[in-house]
Amino acid sequence: MPRSPRSHLDLIGRFTPQMREADDACFAGARLFVDTQEALQKSGELLGPMSRGVFATEDVVGELADLAAGRIQGRADSDGRTVFKAVGTALEDLAAAVVVYEASDSN
Numbered sequence: 033m034p035r036s037p038r039s040h041l042d043l044i045g046r047f048t049p050q051m052r053e054a055d056d057a058c059f060a061g062a063r064l065f066v067d068t069q070e071a072l073q074k075s076g077e078l079l080g081p082m083s084r085g086v087f088a089t090e091d092v093v094g095e096l097a098d099l100a101a102g103r104i105q106g107r108a109d110s111d112g113r114t115v116f117k118a119v120g121t122a123l124e125d126l127a128a129a130v131v132v133y134e135a136s137d138s139n
């Protein structure tokens, strides 16, 4: 898993406590973002490392909405690392559908 300076890792698609695609080391020293706080309750990607003390819920810098609105900064320094974990929400699905609909010829 990417652990080098100036790297970013998107963890998308695993959405149950039993699912995992990244090792604990990918979180060490990285700024962690989630799509929603729900990720902290249902993602094996996060539950496992949290149970082993790799990071705490307080270490999550913010949510996707905070990033999109500019309320928080993604990368804090030029050689920092970032990790984003998404479990998916109906709101994200709706937003994607609106974008597709508005771009379609039927609009």
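In this text, residue positions in the sequence shown follow this note's numbering: the first is 33, and each later residue adds one.
We treat Cβ as the ideally placed atom computed from N, Cα and C, and that holds for glycine.
- Short of 6 Å from the beta carbon of Arg-38, and not among the five residues preceding or following it, lie these beta carbons of its own chain, in chain order: Asp-111.
- Residue state for Thr-114 is assigned as strand, using DSSP reduced to three classes.
- Judged by DSSP in its simplified three-state form, Val-86 adopts coil rather than helix or strand.
- Bounds of any alpha helix (DSSP H) do not take in Asp-109, whose DSSP letter is neither H nor E.
- Using a C-beta cut-off of 8 Å, the stretch 124-134 makes no contact with the stretch 48-60, since fewer than three inter-stretch Cβ pairs fall below that distance.
- Taking 8 Å as the cut-off, the beta carbon of Glu-95 is found closer than this to the beta carbon of Thr-68.
- With fewer than 16 other CB atoms across the displayed protein chains lying within 10 angstroms of its CB, Arg-84 is exposed.
- Residues of the same chain with a CB within less than 7 Å of the CB of Glu-124, apart from the 5 flanking positions on each side, are Asp-67 in chain order.
- Cβ contact annotation for Gly-61 (same chain, cutoff 7 Å, sequence separation greater than five): Arg-113, in chain order.
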